[in-house]
Amino acid sequence: MLAEGKAYEAWDSTEELDALRKEATARKEAFRYRFRGTPSSDDIARYRAEGRQPVVRFRTPQVPITIQDEVLGDATLPAGEVDDFVIRKKDGFPTYHFAVVVDDELMRVTHVLRAQEHFTNTAKHMVLQDALGFRRPTYGHLSIIKNPDDSKMSKRDKDKVLRKAVKEKALTAPPEGTVTIEEWTKWLGDDNVQLDLEGAIRLAEALKVQLPEINVDDFRRSGYLPETICNFLALNGWSPGHDIEKFDNEFLKERFSLDRVIKTPAKFDRVKLLAFNTDAINAMSREDFLRRGREHAAVFRPEYLEKLGSARFDLLLHASHERSKTLDDPFKTNGFLLVSDDALAFSDDKNVRKALGIGAPAADGAKSGLDHLRAMRGVLAALPEWTQPALEAAANAYAAEHAAGKIGSVAQPLRIAVSGSTVSPPIWDTLVLVGRDATLARLERCIAWASGLG
RNA sequence: GGCCCCAUCGUCUAGCCUGGUCUAGGACACCUCCCUUUCACGGAGGUAACGAGGGUUCGAAUCCCUCUGGGGUCACCA
Numbered sequence: 525m526l527a528e529g530k531a532y533e534a535w536d537s538t539e540e541l542d543a544l545r546k547e548a549t550a551r552k553e554a555f556r557y558r559f560r561g562t563p564s565s566d567d568i569a570r571y572r573a574e575g576r577q578p579v580v581r582f583r584t585p586q587v588p589i590t591i592q593d594e595v596l597g598d599a600t601l602p603a604g605e606v607d608d609f610v611i612r613k614k615d616g617f618p619t620y621h622f623a624v625v626v627d628d629e630l631m632r633v634t635h636v637l638r639a640q641e642h643f644t645n646t647a648k649h650m651v652l653q654d655a656l657g658f659r660r661p662t663y664g665h666l667s668i669i670k671n672p673d674d675s676k677m678s679k680r681d682k683d684k685v686l687r688k689a690v691k692e693k694a695l696t697a698p699p700e701g702t703v704t705i706e707e708w709t710k711w712l713g714d715d716n717v718q719l720d721l722e723g724a725i726r727l728a729e730a731l732k733v734q735l736p737e738i739n740v741d742d743f744r745r746s747g748y749l750p751e752t753i754c755n756f757l758a759l760n761g762w763s764p765g766h767d768i769e770k771f772d773n774e775f776l777k778e779r780f781s782l783d784r785v786i787k788t789p790a791k792f793d794r795v796k797l798l799a800f801n802t803d804a805i806n807a808m809s810r811e812d813f814l815r816r817g818r819e820h821a822a823v824f825r826p827e828y829l830e831k832l833g834s835a836r837f838d839l840l841l842h843a844s845h846e847r848s849k850t851l852d853d854p855f856k857t858n859g860f861l862l863v864s865d866d867a868l869a870f871s872d873d874k875n876v877r878k879a880l881g882i883g884a885p886a887a888d889g890a891k892s893g894l895d896h897l898r899a900m901r902g903v904l905a906a907l908p909e910w911t912q913p914a915l916e917a918a919a920n921a922y923a924a925e926h927a928a929g930k931i932g933s934v935a936q937p938l939r940i941a942v943s944g945s946t947v948s949p950p951i952w953d954t955l956v957l958v959g960r961d962a963t964l965a966r967l968e969r970c971i972a973w974a975s976g977l978g
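In the working numbering, the protein residues as written are 525 to 978.
Okay, structure coming up:
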């Protein structure tokens, strides 16, 4: 291109370029580099002596350039809008613009779908393709995806959340066992520095903050189904029309077309994603849920497989299926299964107090939840077998006699005793999951704990 | 600031090209009620949008203009 006069060497120093830019700004114009004449051989010799290296700039034709785009439609840039940009840097390396055009040609690339921020770059790539006699791929510029607060969704968002938490808690040193002092200092000193994933996760746990899922793997870790992610992502910026919004990859493959891609940036709605994931999980067969729950746990929750053993692990999955919104929910919400009986913490909140009858005396003659708990010790200990039907039958019989048939007033205190809170899978499944010995041990501890409450 | 692009419920969007069938449809969220041994699910209903102003037309969310608002880009970064 140099030989053909399509490009030329330019010797301008950084200082000279800065000065030119400043001048343009002062005149309220955008700076556009133009051919500034060929230096004399004396000048070149002097530059060489100074140790200056030239860049190679492309001599951009001074004509209007029409960018053809399958998404945004054609757009014409006025002549002179694209300047004589650098295609080879001082160090001899090609710039991105030059490299990508050559690469696309060599790779026989047919479609270039990229973010909208590349739109004006495309003009540069097109004039280069013309100059080099290359084919032109089909271009499509997709809108960016934004956060609900209108900021651009980016992998930096994780660090943003952590920095905010650190600042709020006014921490001066990294919490024990999260990141090293060196990492910590470097990270806090420069907003462009990102923590590695493992460190970020440890720090998030220590700070008790939720990291936003950004990378595909983050969503997988959180228990989102790959097919749901594809479905949902496709819907941010595209739609098949006819009010269809649930579809699989096969459908996407057949129906996707660039002319239905939306031009406006979409906000990423995690709540709707969760709803989609919930629907997909509810639609799964018990067998599929079991299989995929096992796969998920093998990678992200191995401790549950180890602690529960396969039979009880499968029961946990079955018992959690219909209330799960993600593949991770059976584990995320049932941590009480992992802790030792001695370490189980009882939650002292309104619902717990109400269920146990703490602070509010029961109506005349009625027993409190705590009373039921005391009575259930004997009932449960005497059970010949520890199965859901046996447990339910025993509890029903007890409730009929002592709780006016209201099974809930017996079940709820039991739930608190074994899980520490008012939320768990169905109670009889939960008791089987916890096991007889642990249930009885937890019952004792809960009674002791609740008896001490005012 | 120059240039380019965009604009429908809180959010994702259908409709716009080929004006009337749009008193603008769906989904998520939200509100109300129902179901329920927790949580969740589920069921029934409801609130909610064409950014503003001018045209063109018998008729405009749909076509044109202006304004306003938003985004992108102006590197020897990719």
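Cβ atoms here follow ideal geometry from the backbone N, Cα and C, with glycine treated the same way.
* Sheet register partners of R581 (DSSP bridge) -> Counting from 1 along the first sequence, the entry for residue 581 is found at position 57. Looking at the DSSP assignment, R581 forms a beta bridge with Y532 and V610.
* Asked: From what residue to what residue does the beta strand (DSSP E) around L480 run?
  -> Here the chain comprises residues numbered 525 to 978, so residue 480 is not present and cannot be evaluated.
* To do: Would you kindly check if the distance between the Cβ of T963 and the Cβ of L880 is under 8 Å?
  => In the first sequence, the residue the question calls residue 880 occupies position 356. In the first sequence, the residue the question calls residue 963 occupies position 439. Not closer than 8 Å, so no.
* To do: List the residues that DSSP assigns as beta-bridge partners of T590.
  => Along the first sequence, one-based indexing puts residue 590 at 66. In DSSP, T590 forms a bridge with T600.
* Asked: Helix, strand or coil: how does DSSP classify V785 here?
  -> Numbered from its first residue, the first sequence carries residue 785 at position 261. It is a strand residue.
* Asked: Is there contact between the segment 763 to 775 and the segment 642 to 655, where contact requires at least three CB pairs shorter than 8 Å?
  -> No: the two stretches stay apart, fewer than three of their Cβ pairs being nearer than 8 Å.
* Are three or more beta carbon pairs between the segment 600 to 612 and the segment 638 to 650 nearer than 8 Å? -> yes
* A697 - DSSP class collapsed to helix/strand/coil -> Against the first sequence, residue 697 aligns to sequence position 173. It is coil, neither helix nor strand.
* Beta-carbon proximity list for V958, same chain, < 6 Å, skipping 5 on both sides -> Counted from its first residue, the first sequence places residue 958 at position 434. If we look at V958 and ignore the five residues flanking it on each side, its Cβ neighbours are V942.
* H820: buried (16+ other C-beta within 10 angstroms of its C-beta) or exposed? -> Against the first sequence, residue 820 aligns to sequence position 296. With 16 or more Cβ atoms within 10 Å of its Cβ, H820 is classed as buried.
* Between L851 and L814, is the Cβ-Cβ spacing less than 8 Å? -> Here residue 851 refers to the residue found at position 327 when the first sequence is read from its first residue. Here residue 814 refers to the residue found at position 290 when the first sequence is read from its first residue. Taking 8 Å as the Cβ cut-off, L851 and L814 do not qualify as a contacting pair.
* Per the contact definition of three or more C-beta pairs closer than 8 Å, is the segment 707 to 725 in contact with the segment 670 to 683? -> yes
* Confirm, please, whether the CB-CB distance from F559 to S548 is below 8 Å. => Translated into positions along the first sequence, residue 548 becomes position 24. Translated into positions along the first sequence, residue 559 becomes position 35. Note that residue 548 corresponds to Ala in the displayed sequence, not to Ser. Result no, Cβ atoms of A548 and F559 do not sit closer than 8 Å.
* Asked: In chain order, what residues of the same chain have a beta carbon less than 6 Å from the beta carbon of P949, not counting five sequence neighbours either side?
  -> The count along the first sequence starts at 1 and reaches residue 949 at position 425. Taken in chain order, the residues that qualify are A843 and S844.
* Asked: Cβ atoms of E751 and F743: under 8 Å apart, would you say?
  -> Position 219 of the first sequence, counted from the first residue, corresponds to residue 743. Position 227 of the first sequence, counted from the first residue, corresponds to residue 751. No, they are not a contact pair.
* P908 burial status per 10 Å Cβ neighbour count (16 or more: buried) -> As a working mapping, residue 908 is identified with position 384 in the first sequence. With fewer than 16 Cβ atoms within 10 Å of its Cβ, P908 is classed as exposed.
* Close Cβ partners of E629 (< 6 Å) along its chain, the five nearest in sequence each way excluded -> For the purposes of this step, residue 629 is identified with residue 105 of the first sequence, where counting begins at 1. Correct list, in chain order: F658.
* Asked: Around the Cβ of H665, are there at least 16 other Cβ atoms within 10 angstroms (buried) or fewer (exposed)?
  -> As a first step, residue 665 is located in the first sequence; it is residue number 141 there, counting from the start. Buried.
* Roughly how many whole angstroms lie between the Cα atoms of R966 and K831? -> Start at 1 with the first residue of the first sequence, and residue 966 comes out as number 442. Start at 1 with the first residue of the first sequence, and residue 831 comes out as number 307. Spanning the two alpha carbons is a distance of roughly 17 Å.
* CB of V947 within 8 Å of CB of W910, strictly -> On the first sequence, residue 947 is found 423 positions in, with the first residue counted as 1. On the first sequence, residue 910 is found 386 positions in, with the first residue counted as 1. Cβ distance not < 8 Å, so V947 and W910 don't count as in contact.
* Thinking C-beta only, is L735 closer than 8 Å to V685? -> For this step, residue 685 is matched to residue 161 along the first sequence. For this step, residue 735 is matched to residue 211 along the first sequence. Cβ atoms of V685 and L735: closer than 8 Å.
* To do: Please name the residue, chosen from P588, E533, I753 and T562, that lies closest to T600 on a Cα-to-Cα basis.
  => Here residue 600 refers to the residue found at position 76 of the first sequence. Among P588, E533, I753 and T562, the Cα nearest to that of T600 is on P588.
* To do: Verify whether the separation of the beta carbon atoms of M900 and L862 is less than 8 Å.
  => To locate residue 900, count along the first sequence from 1; it is residue 376. To locate residue 862, count along the first sequence from 1; it is residue 338. No. Outside cutoff.
* **Cβ-based burial, D542 [other Cβ within 10 Å; buried from 16]** => Position 18 of the first sequence, counted from the first residue, corresponds to residue 542. With fewer than 16 other Cβ atoms within 10 Å, it is exposed.
* Would the C-beta of R847 count as close to the ligand MN, meaning under 7 Å from any of its heavy atoms? -> This structure simply doesn't include the ligand MN, nor any ligand for that matter.
* C-alpha gap between P789 and K796, whole angstroms -> The count along the first sequence starts at 1 and reaches residue 789 at position 265. The count along the first sequence starts at 1 and reaches residue 796 at position 272. Taking the straight line joining both Cα atoms gives about 17 Å.
* Around the Cβ of H766, are there at least 16 other Cβ atoms within 10 angstroms (buried) or fewer (exposed)? -> The sequence position of residue 766 within the first sequence is 242, counting from 1. So H766 counts as exposed.
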